[in-house]
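Everything on this sheet refers to the single structure shown next.
Chains as they are written, first to last, in the numbering used here: chain V, 16 to 122; chain B, 16 to 122.
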């Protein structure tokens with residue numbers, strides 16, 4: 016795939032069993048959201064970020080991953096550019112089903 | 016999870032949307048096999064290996080991944096120890112549905 020540098024715009028790089036594999040670069044604060052029907056996995060390829068949950072914040076470093084179960088509100092916060100691999104169902108909307116914003120990606 | 020050093024014995028480290036995330040260390044030649052109903056993804060965490068297909072061989076290096084679609088016969092061949100993250104449905108049998116051997120893992 017071509018190189019890219021834009022933030023919060025996941026690129027689909029693979030598909031298996033109805034799941035998409037995506038790569039995303041990010042920096043800054045995303046929005047609070049949840050996915051009603053889909054678990055989502057974030058695997059850090061380079062850099063690190065904080066995953067804010069309602070009751071705690073978890074730092075995810077290079078080589079580590081976190082799975083956000085369906086229905087759990089979360090907000091990624093990135094101090095310095097991070098590169099992340101995402102695993103989620105092919106129909107996942109990045110900002111959740113009930114949130115629309117300028118960073119919402121089409122399916 | 017505890018450290019491990021045995022080969023060809025994937026350890027489940029996560030689950031999402033009916034898919035398992037597994038870590039495996041491997042060295043040597045695996046067996047030819049296929050999965051009738053499941054696509055399988057191999058992401059190299061450290062090292063490299065060759066994925067032999069019936070008509071070609073593809074080298075997968077650190078940070079790269081390969082997706083083997085359902086029904087495709089394949090055989091991993093590892094010269095020096097490789098560390099791989101696997102993504103596959105929770106019910107996948109590592110040697111395929113129609114092959115049983117000493118390296119077959121229980122579900």
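C-beta: ideal position from N, C-alpha, C; glycine also.
Could you tell me whether any Cβ in chain V is nearer than 8 Å to the Cβ of residue 101 of chain B?
The residue given as residue 101 of chain B occupies position 86 in the second chain. So, not an interface residue.
Would you kindly check if the distance between the Cβ of residue 46 of chain V and the Cβ of residue 110 of chain V is under 8 Å?
By one-based count along the first chain, residue 110 of chain V stands at place 95. By one-based count along the first chain, residue 46 of chain V stands at place 31. Yes, these two residues count as a Cβ contact at 8 Å.
Does the distance from the C-beta atom of residue 49 of chain B to that of residue 103 of chain B stay below 8 Å?
For the purposes of this step, residue 49 of chain B is identified with residue 34 of the second chain, where counting begins at 1. For the purposes of this step, residue 103 of chain B is identified with residue 88 of the second chain, where counting begins at 1. No, these two residues do not count as a Cβ contact at 8 Å.
If you measure from the beta carbon of residue 42 of chain V to each beta carbon in chain B, is any gap under 8 Å?
Taking the first chain and counting its residues from 1, the one referred to as residue 42 of chain V is at position 27. With 8 Å as the cut-off, residue 42 of chain V does not count as an interface residue toward chain B.
Using a Cβ-Cβ cut-off of 8 Å, state whether residue 51 of chain B counts as contacting chain V.
Residue numbering aside, residue 51 of chain B sits at position 36 when the second chain is read from its first letter. No, residue 51 of chain B lies away from the interface with chain V (no Cβ there is under 8 Å from its Cβ).
What number of angstroms, rounded off, separates the C-alpha of residue 54 of chain B from the C-alpha of residue 61 of chain V?
Here residue 54 of chain B refers to the residue found at position 39 of the second chain. Here residue 61 of chain V refers to the residue found at position 46 of the first chain. Taking the straight line from one Cα to the other gives about 26 Å.
Taking residue 108 of chain B as part of the beta strand (DSSP E), name the residues at either end of that continuous run.
Here residue 108 of chain B refers to the residue found at position 93 when the second chain is read from its first residue. That residue, residue 108 of chain B, is in no beta strand (DSSP E); it is neither H nor E in DSSP.
Where residue 77 of chain B and residue 69 of chain B are concerned, what is the direct C-alpha to C-alpha distance, given to the nearest angstrom?
Within the second chain, the letter at position 62 stands for residue 77 of chain B. Within the second chain, the letter at position 54 stands for residue 69 of chain B. Each residue's Cα considered, the two are about 23 Å apart.
Going by CA-CA distance only, name the one from B:83, B:44, B:100 and B:96 that's closest to residue 79 of chain V.
Mapped onto the first chain, residue 79 of chain V falls at position 64. Here the closest residue by C-alpha is B:100.
Name the two residues that bound the continuous beta strand (DSSP E) containing residue 49 of chain B.
Translated into the one-based positions of the second chain, residue 49 of chain B becomes position 34. Careful: residue 49 of chain B lies outside any beta strand (DSSP E) and carries neither H nor E.
What's the C-alpha gap between residue 44 of chain V and residue 92 of chain V?
Here residue 44 of chain V refers to the residue found at position 29 when the first chain is read from its first residue. Here residue 92 of chain V refers to the residue found at position 77 when the first chain is read from its first residue. So the two alpha carbons sit approximately 4 Å from each other.
Pull up the DSSP beta-bridge partners for residue 73 of chain B, would you.
If you number the second chain from 1, residue 73 of chain B lands on position 58. Paired residues: B:66.
Once DSSP output is grouped into helix, strand and coil, what is the label at residue 82 of chain B?
In the second chain, the residue the question calls residue 82 of chain B occupies position 67. DSSP places residue 82 of chain B in strand when its eight states are reduced to three.
Using only the alpha-carbon positions, how far apart do residue 85 of chain V and residue 41 of chain B sit?
Along the first chain, read from residue 1 onward, the residue named residue 85 of chain V stands at position 70. Along the second chain, read from residue 1 onward, the residue named residue 41 of chain B stands at position 26. Those two C-alpha atoms are separated by around 33 Å.
In chain V, what lies closer than 9 Å to residue 111 of chain B by C-beta?
The sequence position of residue 111 of chain B within the second chain is 96, counting from 1. Under the 9 Å cutoff, chain V gives no residues; its nearest Cβ is about 16 Å from residue 111 of chain B.
Alpha carbons only, please: which of B:82, B:20, B:26 and B:37 is nearest the one belonging to residue 36 of chain V?
Residue numbering aside, residue 36 of chain V sits at position 21 when the first chain is read from its first letter. Ranking the options by Cα distance to residue 36 of chain V, first place goes to B:82.
State the CB to CB distance for the pair residue 64 of chain B and residue 97 of chain B, rounded to an integer number of angstroms; the pair is presumed to be in contact (CB under 8 Å).
Along the second chain, one-based indexing puts residue 64 of chain B at 49. Along the second chain, one-based indexing puts residue 97 of chain B at 82. So it is a contact: roughly 5 Å between Cβ atoms.
Given this structure, state the Cα-to-Cα distance separating residue 105 of chain V from residue 34 of chain V, to the nearest angstrom.
What you label residue 105 of chain V is simply residue 90 of the first chain in a count that begins at 1. What you label residue 34 of chain V is simply residue 19 of the first chain in a count that begins at 1. When rounded, the distance between both Cα atoms is 5 Å.
For chain D, check one thing: does any of its Cβ atoms lie closer than 8 Å to the Cβ of residue 95 of chain B?
Absent here is chain D; the protein component of the structure consists of chains V and B.
Give a yes or no on whether the C-beta atoms belonging to residue 31 of chain V and residue 56 of chain B are separated by under 8 Å.
What you label residue 31 of chain V is simply residue 16 of the first chain in a count that begins at 1. What you label residue 56 of chain B is simply residue 41 of the second chain in a count that begins at 1. Yes, these two residues count as a Cβ contact at 8 Å.
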